[in-house]
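Protein chains: 4
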Amino acid sequence: MRNDAGYKNIFSGIADELNNIENIGAVAAYIPKLRDVDPNKFGAHLLTIDKQHFCFGDSSEKFSIQSIAKVLSLAMAFELEEDKLWERVGVEPSGISFNSLLQLEAGKGIPRNPLVNAGALVISDILVSRLKDPKRELIEFIKMASGNTEIAYSPAIAESEKLTGFKNAALINLMKSYGNIKNDIDTVLDFYFNLCSIEMNCKELAEAFLFLSADGVNPLNGNRVTSASKAKRINAIMQLCGFYDEAGEFAFKVGLPGKSGVGGGIIAIHPGVYSVAVWSPKLNSKGNSYRGMKILEYLTTRTESSIF
Amino acid sequence: MRNDAGYKNIFSGIADELNNIENIGAVAAYIPKLRDVDPNKFGAHLLTIDKQHFCFGDSSEKFSIQSIAKVLSLAMAFELEEDKLWERVGVEPSGISFNSLLQLEAGKGIPRNPLVNAGALVISDILVSRLKDPKRELIEFIKMASGNTEIAYSPAIAESEKLTGFKNAALINLMKSYGNIKNDIDTVLDFYFNLCSIEMNCKELAEAFLFLSADGVNPLNGNRVTSASKAKRINAIMQLCGFYDEAGEFAFKVGLPGKSGVGGGIIAIHPGVYSVAVWSPKLNSKGNSYRGMKILEYLTTRTESSIF
Amino acid sequence: MRNDAGYKNIFSGIADELNNIENIGAVAAYIPKLRDVDPNKFGAHLLTIDKQHFCFGDSSEKFSIQSIAKVLSLAMAFELEEDKLWERVGVEPSGISFNSLLQLEAGKGIPRNPLVNAGALVISDILVSRLKDPKRELIEFIKMASGNTEIAYSPAIAESEKLTGFKNAALINLMKSYGNIKNDIDTVLDFYFNLCSIEMNCKELAEAFLFLSADGVNPLNGNRVTSASKAKRINAIMQLCGFYDEAGEFAFKVGLPGKSGVGGGIIAIHPGVYSVAVWSPKLNSKGNSYRGMKILEYLTTRTESSIF
Amino acid sequence: MRNDAGYKNIFSGIADELNNIENIGAVAAYIPKLRDVDPNKFGAHLLTIDKQHFCFGDSSEKFSIQSIAKVLSLAMAFELEEDKLWERVGVEPSGISFNSLLQLEAGKGIPRNPLVNAGALVISDILVSRLKDPKRELIEFIKMASGNTEIAYSPAIAESEKLTGFKNAALINLMKSYGNIKNDIDTVLDFYFNLCSIEMNCKELAEAFLFLSADGVNPLNGNRVTSASKAKRINAIMQLCGFYDEAGEFAFKVGLPGKSGVGGGIIAIHPGVYSVAVWSPKLNSKGNSYRGMKILEYLTTRTESSIF
């Protein structure tokens, strides 16, 4: 049931499905821009590799994509570093909460994977080393990948993150003590907090990630973002590490590689078929969008298709 | 390149590929039957859902499938318990070595997933509760699933496992202290050690797992082993949890759900396409077959196909 | 204020002091003999090295001394093994709850100290190896040390412990897997559960431990139980490791080496001065007698003396 | 054998004893001022509460007392905060290496005790809050306590510590994320690195700590530094927590409360009798002075006296 009529039908069922899902959980509250979001917002946008769009609800309203952006910085760093990247960060699931220092200490400063905070900080350090104008070049890369010139950092969010980012400062200092951070800590943190401040709506998010469904090329603009092999590997990392300590649950219930953010967004990839973005601000106890996960489960159950 | 000519070509390249792979690592040595295996054995067998067979090397020689059998006991218990199963065992990757008691203690006696030893012991406890003649009925289930009436336990291996199984005894006693084991400990351990003693060759292994590539039905005999939805979920669990602390590495390099055993066997599933079994006794430092993983990486690289 | 009039005065103040202490916490409930104890019982007995006795309340009523007995088995094993003992067990505080398997696994089967359950199991294993009739010879040692021929195991308690002792079975199996248990597991567990079943009253307890206040010789009967040097070392171990994750609290508030048991008893040693036993069944959240600790704090505050 | 002739005799035996002790281990090398110390230096100074001095070797040569100073900052903060102090830091041994973040995370930002780095950072934060001119007032307090106006920070060492102090920066950021640091991080770190930079010789060290042997009053100048009760409690904390993961070993072998520093110094307290300082730069694997611990063991063995 991968035809367009099918998707259209499924998307028109989301409204009913949402009525059956209580909007429980809590909005991330550690910075004002997240705390003040309307908790009842819900958006979804599915984009097939043959460029069919299906949308629902608040899918054209921008939100803070937060950690979802870590996949894009990983894609850029993987292009630049190739396999040398994996000397400084692992590819294994973390198994515990997303900013724990325990595993980092056990791993002598090598983060478990590039999608936990510590790993994304190492990726940021790599981009700071490699790029002349890191913040500008990253946003250019994302614009190229998505074919969307509107994408931008939110200076207000980046500033708020900086004021409360003591755990990230702990992580980066610990890695620096092990020699796994090469640049000045404040420079890397500034890059990282900007990375996490990017805003997109569901449509933009689905567009920006479509290359991972299409062997590394964005079908919308024909740009090769990464190789087919690297696209597969990024998907594998998302599958294993994209949902903190709930990666298994997401694989079990939804069955697609994906990545969540504390802003309530989730991107999921059906390789060879589509990308889909959902947004619902209330998070479950593991820090993932409660209704977002439910609607993606509805989607793969109704389409009777997952990668498994 | 999923056509039969392709696979034939790829399989005929295995010999050359093996020449490039040093046979490093160590054979599992904690019981005589594993210790005494010829470390240079190598077999591979791929079976497509349209029943095409491709084989190489020692693919018709039986070996101890060990932990690979945990997937089959899970499949049987999942049929019997449905979703109540997940009240007693999780679906998350363990993130540390395969028999650690740490996470079990943190989890108040709930194992992280059904493929670590602790989880397979809980599955064993469930089958002991549910079945009248547990050992016989499990082997009947596997015969039904595989269409192979030759499959049997190895009493010699089961006995050896029992004599050295102190860590498993520690695990089951700890879970019993938390109330997550319902039956007599010795009865459950006897069942578990028999489960791990099953012997198959690569061809039999590929046959026994083909139902997971084919939405729950074994195409060889038409038997429905499990539902399409459960087959997907078992595959998801294998992807996240099938290789101890190397699940990410296997997803990253091979890109298929799979499960390894300390006997040097690995089964991997390409949903909708094939099952493939490999066997090479020497294990890497994480306890997975060194050459087995390499050859599966060769296979998915040459076919340019993985689930990602 | 170490004169006898002082102690007499202080002991007559216990009644008032108890009125100010709420009897909070919970009686250990995992076996009937502990669960059924009257939670309002309270006894105290102080015995100076010049044989002056001071007592209060239910000090002549027997109770299960539980883990307090671990000090006596340690004293016996230390005599037999000398410093070879410390190749199989450490002398460091555990820092976490008293039966955790985490540290045991990190320590490759070497328990942190002889007073945690794992350590006492290793001590038991040593005594089972060394003695011809271990249970009888241990009780003979305790009778010799205390000069009291009435001391005995409680078969009923030992049997109850055995029926619920799954965590101890987990610990001993884990250590066996590391090679740090030499004898049959059931034999060692039987010895250990008997050790923990010993019953004494406060007077008997103070008498049995007086040798640790008097350089290794019991002043009551002149028997040398251990050397002066070993007595000091056993006291040091009690000071660092006698109260699970509350050793620091006990040193800080009471300032004496001591050991508690889940039966609600505590023994404390003032080297060169006295031994003192208290008993109050309700335990605080760390598993130590709530009122017992409070009254010992009262005692060392009123005497203005501690080892520090 | 606590008479002066005894100590004199024992001190004259140190030279012979040192000949029997191999000078093994490694000098702390993370900053130049520690790395460049002559590893063969050895000094010892014992000072009785009746003001008798016994010295040996390089006892009048200044060295970096490092973490030993944490006891002095604790004494000052305890005077200012009284028991409110213990809401922000525990009194339990850490059980693992001295700068681990693991336990800090488990403890929600409350350090295990005031002598691990995290705890000393909280104490520093308290002093920064409480004092108008924290660095000057701390050094005034130490001068008052010791009756020595020569004591000073080493700006060179403080600066070096700052340049390599990433683990301490990780610790303080982590505690700040839990709300257990009230002041600006850089201000507290500056205070802390100065605290650790203090230099003394063995004589000065013994003098500065004599108040802990004498119920809180320095017999040399009659100044009350703290109350008798607080002196006992500080001693208890040193006994349980003064030697990182070797506190049990020090209690077992030496039997006195004490504190070590990575500069190779150790202070030990015999309450009511003496204070003793030793210095030997090479550290054992746990970070404590190798020969320092040996000579203190020799001392308490020869005097046949410890607190136990």
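Those protein sequences? They're chains F, C, R and G, same order as listed.
Using my numbering, read the first sequence as starting at 19 and increasing by one per residue.
Using my numbering, read the second sequence as starting at 19 and increasing by one per residue.
Using my numbering, read the third sequence as starting at 19 and increasing by one per residue.
Using my numbering, read the fourth sequence as starting at 19 and increasing by one per residue.
Glycine is no exception: its CB is placed at the ideal position from the N, C-alpha and C atoms.
Open item on the list: When you compare the CB of A286/F with every CB in chain C, is at least one pair closer than 7 Å?
Closed with: Chain C places no beta carbon closer than 7 Å to that of A286/F, leaving this residue out of the contacts.
TODO: Would you mind stating whether D143/C and I86/C have Cβ atoms separated by less than 7 Å?
DONE: For D143/C and I86/C, no; Cβs fall outside 7 Å.
TODO: Could you tell me whether any Cβ in chain G is nearer than 7 Å to the Cβ of E179/F?
DONE: Chain G contact via Cβ: absent.
Task: Proximity winner among K150/R, L103/R, S245/R and S147/R, relative to I128/R (alpha-carbon distances) - done: Selected option, being the one with the closest Cα: L103/R.
Task: Near the ligand GDP: R53/C beta-carbon under 6 Å from a heavy atom - done: Within the structure as shown, the ligand GDP is missing, as the structure has no ligands at all.
- [ ] Pick out whichever of N302/F, L98/F, N37/F and S91/F has its Cα sitting closest to the Cα of F227/F.
- [x] With respect to the C-alpha of F227/F, the residue from N302/F, L98/F, N37/F and S91/F having the closest C-alpha is S91/F.
- [ ] Return the Cβ separation of S247/G and I67/G in integer angstroms, given the expectation that the two are a contact with Cβ distance under 8 Å.
- [x] Contact doesn't hold; Cβ gap of about 18 Å is too wide.
Open item on the list: Taking the straight line between their C-alpha atoms, what separation do you get for K51/C and I175/C?
Closed with: Cα to Cα, K51/C sits roughly 6 Å from I175/C.
Open item on the list: For L301/R, which residues in the same chain have their Cβ closer than 8 Å to its Cβ, ignoring the five residues on either side in sequence?
Closed with: For L301/R, the CB contacts under 8 Å within the same chain, skipping 5 residues up- and downstream, are G43, A44, V45, A46, V280, G282, S307 and Y308 in chain order.
Open item on the list: If you reduce the DSSP assignment to three classes, tell me which class G61/G lands in.
Closed with: In this structure, DSSP gives G61/G an extended state, which the three-state scheme calls strand.
TODO: Consult DSSP for T244/C and reduce its assignment to one of helix, strand or coil.
DONE: Note: T244/C maps to coil in three-state DSSP.
Task: G212/G versus E222/R - alpha carbon distance - done: Per the sequence presented here, residue 212/G reads as Asn, with Gly not at that position. Whole-angstrom Cα-Cα distance: 54 Å.
- [ ] Could you pull out every residue in the same chain whose Cβ sits closer than 7 Å to the Cβ of M19/C, ignoring the five residues on either side in sequence?
- [x] Unreliable positioning characterises M19/C in this predicted model, as indicated by a pLDDT of 42, which lies under 50. The coordinate reading is nonetheless provided below. Result list for M19/C: T321 and E322, in chain order.
Open item on the list: Let's see if you can read the secondary structure: which residues bound the alpha helix (DSSP H) around F209/G?
Closed with: Note, F209/G: alpha helix (DSSP H), I203 to L213.
TODO: Could I get the ranges of all uninterrupted beta strand (DSSP E) runs contained in the region 278 to 307 of chain R, with 3 residues as the minimum, in chain order?
DONE: DSSP runs (the beta strand (DSSP E)) wholly in the region 278 to 307 of chain R: 283 to 288 and 292 to 297.
Open item on the list: Using beta carbons (cut-off 7 Å, strictly below), is L156/G in contact with chain F?
Closed with: Not an interface residue.
Task: Which listed residue (D56/C, H63/C and K26/C) has its alpha carbon closest to that of N219/C - done: Nearest option by C-alpha distance: H63/C.
- [ ] Would you please state the rounded distance, in angstroms, between the beta carbons of L139/R and M193/R? I believe it to be under 8 Å.
- [x] Correct: roughly 7 Å between the Cβ atoms.
- [ ] Kindly indicate if chain R contains any beta-carbon less than 7 Å away from that of I325/G.
- [x] Judged by the 7 Å Cβ criterion, I325/G is in contact with chain R.
- [ ] Assign F74/F to one of three DSSP states: helix, strand, or coil.
- [x] For F74/F, the secondary structure class from DSSP, reduced to helix, strand or coil, is strand.
Task: Interface positions of the region 240 to 253 of chain F facing chain C (Cβ-Cβ less than 7 Å), listed along the chain - done: So the close ones are K250, R251 and N253.
Task: Minimum Cβ-Cβ distance from E110/F to chain C less than 7 Å - done: Yes, E110/F lies at the interface with chain C (some Cβ there is under 7 Å from its Cβ).
Open item on the list: List, in chain order, every chain R residue whose beta-carbon is nearer than 9 Å to that of F184/C.
Closed with: Result: I190, N191, L192, M193, K194, S195, Y196, I199 and I203.
Open item on the list: Quick check: what's the CA-CA separation for Q257/G versus V272/C?
Closed with: If I take the Cα positions, the gap works out to 54 Å.
- [ ] Please go through the same chain and pick out, in chain order, the residues whose beta-carbon is closer than 8 Å to the beta-carbon of T205/C, but skip the five residues on each side of it.
- [x] Listed in chain order, the non-local C-beta contacts of T205/C below 8 Å within the same chain comprise V146, local neighbours out to five positions each way being set aside.
Task: DSSP three-state assignment for F326/C, whether helix, strand or coil - done: Residue state, collapsed to three classes: coil.
Task: For F81/C: DSSP bridge partner residues - done: BP columns for F81/C point to M218/C.
TODO: Indicate whether at least one CB of chain C lies closer than 7 Å to the CB of A269/F.
DONE: By this cut-off, A269/F is an interface position.
Task: Three-state secondary structure assigned by DSSP to G276/F - done: Note: G276/F maps to strand in three-state DSSP.
Open item on the list: Let's see if you can read the secondary structure: which residues bound the alpha helix (DSSP H) around P50/F?
Closed with: It spans P50 to R53 - the alpha helix (DSSP H) in which P50/F sits, taken as one unbroken run.
TODO: Pull up the distance between the alpha-carbon of I39/G and that of V107/G, whole angstroms please.
DONE: Computed Cα separation, rounded: 38 Å.
TODO: State the start and end residues of the unbroken alpha helix (DSSP H) segment that holds R148/R.
DONE: Bounds of the alpha helix (DSSP H) holding R148/R are N135 to R148.
Task: Min CB distance I120/G to chain F below 7 Å - done: Ile is not the amino acid found at residue 120/G; the sequence shown has Leu there. Yes, contact with chain F.
Open item on the list: For a contact defined as C-beta to C-beta under 7 Å, what are the partners of A187/C on chain R?
Closed with: Near A187/C (Cβ distances below 7 Å), the residues of chain R are N191.
- [ ] Assign P173/G to buried or exposed, taking buried as 16 or more other Cβ atoms, counted over all protein chains shown, within 10 Å of its Cβ.
- [x] So P173/G counts as exposed.
- [ ] Output the distance between the C-alpha atoms of P289/F and I325/F, rounded to the nearest integer angstrom.
- [x] Going by the C-alpha atoms only, they are around 8 Å apart.
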